[in-house]
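The structure appears below as structure tokens.
Chains as they are written, first to last, in the numbering used here: chain A, 188 to 664; chain B, 5 to 489.
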């Protein structure tokens, strides 16, 4: 019996506004508990919410980026429930009329394009945090996060595998960072996701009973949790049971999902339009202004990189995942006469490896793109070899110096003087009578050994191309 | 005796330096002290008021003092006041001291007014008799066995007994106009959005408006002009700049078309009340007005509509009182549910709990369409009834309440009969319109009778103008209860 899984995702995108969605408090992460919570955030009696228009601008940009309808009039609603980190006893969200209507995102998995429908995206405020440790059996409340703007993006149940879900999530992650509306930091909770998962027999049109998975806040956990859940549901059904609609929590330590809340314990949120906030009106001018302020999006950028720089698809893909990386690549290209493919190889190769090794992202890179550009020029004009260039780059990284002064001060300039190379080649040949014999007996492989010897003797500085030529000429003479 | 003067007169006397702000303050503080049995105040801030009065005297000694410099006022205890208890008439906020001033408080202070204290009120403004207050009922200065009306009963009693020349109130379904009617005052409920709600403990956000409880239309105009105006902290606040209502008080009434809704004069209204209102209409006609019969066909649906919408909003607005961050917390909660349940069970009174339950029910899944959504549709019908009426007339006129003040305890066991007190007032809140109640006579027992004028949206200036001209030819508004003369 073959099974098909059906997956939909709800992604919470924390919008990177400077102040909260309904108050003037700052949104910066990591401040002392309750130092970024004003009278509105802690819900003192008599306070009122005032919409931060910047959040609406960001939501509109998102809507445009996913080819969605932007609703000219959307309505804030109250979602009522009691919890200590929810100061008002309700969360201001959007319910019947969200700011962003239906749209889609195209993803690519195993060379196939899949269009994932986006049902809606709505604005809402985040809750505070409950801290259960360090309070001797009591619970601490930190309201710094209360009122932070979120855009909740709900997808259609269009994905059929955990891999597709992850691809969708990655694409969304790239997109929101491109738009500059979210820092994408998953550890800090700036980009969070819940998954709705169900299974059905292949060919069945009806949807199976779904469960909602929470606490899957990394790409890896999303994949593992969904796969676990698919297997669990199939086992339940094949064992003669039926899947229960419920919310399940993923436990990454045990790699399993556990029931958290059943349907009968589901809240009745008593949504109703928030009388403190007039409908959010977005006119055409506002949408047009947002459209003009849109950056080039990843798909368009990838196409351009392939078409105007002549990059391979895979290289372009890697470069555009992170907008600062793509920008860096373009800055390198602008600073060098070397070809763009070489620049792409460097950015995706040595540069990416160094960032990865040091655990920093592109925005914190210690080497200016102009320096990398000049380094590539020095390879192209034969001043240094590719191999030496790696050493130079390593010094550029640690010192911040430009490549020319490193090459100069460390005397790394390539030896391209034919006379000087001939001297070294002659010396090597004189010391390698056995290898020369083998060559003349027809063994071509020893050329590599001899080149290595020449390079070694020149401390890597001899121009490898010239070494090859001179060596062969002398051997064949 | 300073208390025999209106607020407008006192403001002028202060400017003329005929009396000092401190002298005036002491006079009213002594009257508050002597009238303790009215239970009109929850908090009297003699010390804070004295500091404000001294500052006012300094301003009065200088050039161009602000309009209310040195005038004592009181705030309903629903307005947040920095450093002074704001209880909202509830045990759950008995220990609450706000770290900020409501916009209304801030504006009146900026106009030079001196805050004497905070007045008693129905708990969370839910009541029409001031009997639901955690601090006990307020007595009507005209008859201590009767209610002053509610929910702004403390403010009404305080002004009626001239414990203070003017006070603020809030009106969600009649809470300024009904006590004004019961206490022979002029009370104005402004158009929704004209006065900022920032810092007013919310009851029903789409209906709440703050306004003055005053001795006369002129006093009300002076107070309103100081209170009103756009406030960026309230998203429902109106951005329009409007001329002060004071400027048009003396305008003539010739050509004024008064609409008399037949539904306001049916069998439900007490005959004495109806007769006094009719006499007032005759007086207005002498001043040049004409009358036309109009109809508000959906008026009867006002009470059920109001008692779905207001409790629904209240059930959500009052969720923040959970014993977690401020306010009353029960002793020794065993867990979170216990903390919530007992803090709220012990902190809220019966009427508040009743309305939270009604509102929670009306918003519940499966009932929302039948109650909340339907009430919103009725609300639109009620508003459109008024629109239609205003095609034929400039103001709508009728009694403020069906009867004069009832006895303490008379309706406490019968919530529906209590709710029916607001039958003429709450449709005005549902439609977002301005309404003013003014005294138009006394019944055989000597109890005040109130008449309500309702205007189109932002028609406050015209309402106060009509009330002022009426008060120019009558003296009901100048009467004082015998004990407080």
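Glycine is no exception: its CB is placed at the ideal position from the N, C-alpha and C atoms. Note that the coordinates shown come from a computational prediction; the quantities given were computed from them, not determined experimentally.
Proximity winner among 377(A), 457(A), 360(A) and 320(A), relative to residue 215(A) (alpha-carbon distances)
By alpha-carbon distance to residue 215(A), the top candidate from 377(A), 457(A), 360(A) and 320(A) is 377(A).
Can you give me the start and stop residues for the beta strand (DSSP E) that residue 193(B) sits inside?
Looking at the DSSP string, the run of the beta strand (DSSP E) that includes residue 193(B) is 190-193.
Hey, does residue 459(A) have any beta-carbon neighbour from chain B nearer than 8 Å?
Nearest CB-CB separation between residue 459(A) and chain B: below the 8 Å threshold.
Which residues DSSP lists as bridging residue 266(A), in chain order
According to DSSP, residue 266(A) shares a beta bridge with 278(A).
Which of the three DSSP states is assigned to residue 283(A) in this structure?
In this structure, residue 283(A) counts as coil in the three-state DSSP scheme.
Can you give me the C-alpha to C-alpha distance between residue 438(A) and residue 258(A), rounded to a whole angstrom?
Taking the straight line joining both Cα atoms gives about 38 Å.
According to a CB-to-CB cut-off of less than 8 Å, which residues of the stretch 221-242 of chain A neighbour chain B?
Correct list: 226, 229, 230, 231, 232, 233, 234, 235, 236, 237 and 238.
With 16 other Cβ atoms within 10 Å as the buried cut-off, status of residue 477(B):
Using a 10 angstroms sphere on the CB of residue 477(B), the tally of other CB atoms stays under 16, which defines it as exposed.
Counting only beta-carbon separations shorter than 8 Å, does residue 104(B) have a partner in chain A?
It does: the Cβ of residue 104(B) has a partner Cβ on chain A nearer than 8 Å.
Within-8 Å CB hit, residue 260(A) to chain B
With a threshold of 8 Å between beta carbons, residue 260(A) makes no contact with chain B.
Would a check of beta-carbon distances place residue 463(A) closer than 8 Å to chain B?
For residue 463(A), the answer is yes, since a Cβ of chain B falls inside 8 Å of its Cβ.
Scan the stretch 177-201 of chain B for residues whose Cβ lies nearer than 9 Å to a Cβ of chain A and list them as they occur along the chain.
The stretch 177-201 of chain B vs chain A, Cβ under 9 Å: 200 and 201.
Which residues, in order along the stretch 228-246 of chain B, keep a beta-carbon less than 8 Å from a beta-carbon of chain A?
Against chain A - using a Cβ distance shorter than 8 Å - the residues of the stretch 228-246 of chain B are 236, 237, 238, 239 and 240.
Tell me whether the beta-carbon of residue 267(B) lies closer than 8 Å to the beta-carbon of residue 143(B).
Taking a C-beta distance under 8 Å as the contact criterion, residue 267(B) and residue 143(B) do not qualify as a contact pair.
Are the stretch 305-313 of chain A and the stretch 328-335 of chain A touching, with three or more C-beta to C-beta distances below 8 Å?
As far as the Cβ criterion goes, the stretch 305-313 of chain A touches the stretch 328-335 of chain A, which means the pair count is three or higher.
Is the Cβ of residue 393(A) closer than 8 Å to any Cβ of chain B?
The C-beta of residue 393(A) comes no closer than 8 Å to any C-beta of chain B.
In three-state DSSP terms, what is residue 360(B)?
If DSSP states are grouped into helix, strand and coil, residue 360(B) belongs with the helices.
Roughly how many angstroms lie between the CA atoms of residue 206(B) and residue 553(A), to the nearest whole one?
Taking the CA atoms as reference points, residue 206(B) sits about 54 Å from residue 553(A).
Enumerate in chain order the residues of its own chain whose CB-to-CB distance from residue 290(B) is below 8 Å, with the five nearest sequence positions on each side excluded.
Answer for residue 290(B): 477, listed in chain order.
Run through chain A and tell me which residues come within less than 7 Å of residue 155(B), C-beta to C-beta.
Within 7 Å Cβ-Cβ: nothing; residue 155(B) doesn't reach chain A, min ~16 Å.
Host beta strand (DSSP E) of residue 291(A) (start-end):
It spans 290-296 - the beta strand (DSSP E) in which residue 291(A) sits, taken as one unbroken run.
What residues in its chain sit with their C-beta under 7 Å from that of residue 234(B), if we drop five residues either side in the sequence?
Correct list, in chain order: 241, 242 and 243.
Look up residue 398(A) in the DSSP assignment and say whether it is helix, strand or coil.
Strand, per DSSP.
Using alpha carbons as the reference points, say which of 441(A), 403(A) and 420(A) lies closest to residue 432(A).
The shortest C-alpha separation from residue 432(A) is found at 420(A).
Cα separation between residue 209(B) and residue 237(A)?
Taking the straight line joining both Cα atoms gives about 14 Å.
Please say whether residue 300(B) and residue 389(B) have beta carbons closer to each other than 8 Å?
Yes. Within cutoff.
Residues near residue 275(A) in its chain [Cβ-Cβ closer than 7 Å; skip 5 each side]
Result list for residue 275(A): 230, in chain order.
Could you give the DSSP three-state label for residue 365(A): helix, strand or coil?
The answer is helix: DSSP assigns residue 365(A) an H, G or I state.
Between the stretch 314-335 of chain B and chain A, which residues of the former have a C-beta closer than 9 Å to a C-beta of the latter?
Of all residues in the stretch 314-335 of chain B, those with a C-beta nearer than 9 Å to a C-beta of chain A are 316, 317, 319, 320, 321, 322, 323, 324, 325, 326, 328, 329, 330 and 331, reading in chain order.
Could you tell me whether the Cβ atoms of residue 615(A) and residue 599(A) are closer together than 8 Å?
A distance of 8 Å or more separates the beta carbons of residue 615(A) and residue 599(A).
Start-to-end residues for the beta strand (DSSP E) that takes in residue 265(B)
It spans 261-265 - the beta strand (DSSP E) in which residue 265(B) sits, taken as one unbroken run.
Taking the straight line between their C-alpha atoms, what separation do you get for residue 465(B) and residue 362(B)?
Taking the straight line from one Cα to the other gives about 37 Å.
How big is the Cα-Cα spacing for residue 659(A) and residue 298(A)?
Distance between residue 659(A) and residue 298(A), taken at the CA atoms: about 45 Å.
Where does residue 480(A) land, buried or exposed, given buried means 16+ other C-beta within 10 angstroms?
It is exposed - the Cβ of residue 480(A) has fewer than 16 other Cβ atoms within 10 Å.
Given a threshold of 16 other Cβ atoms within 10 Å of its Cβ, counted over all protein chains shown, does residue 475(A) qualify as buried or as exposed?
With fewer than 16 other Cβ atoms within 10 Å, it is exposed.
Smallest Cα separation from residue 113(B): which of 132(B), 100(B), 122(B) and 77(B)?
Minimum Cα distance to residue 113(B) is reached at 77(B).
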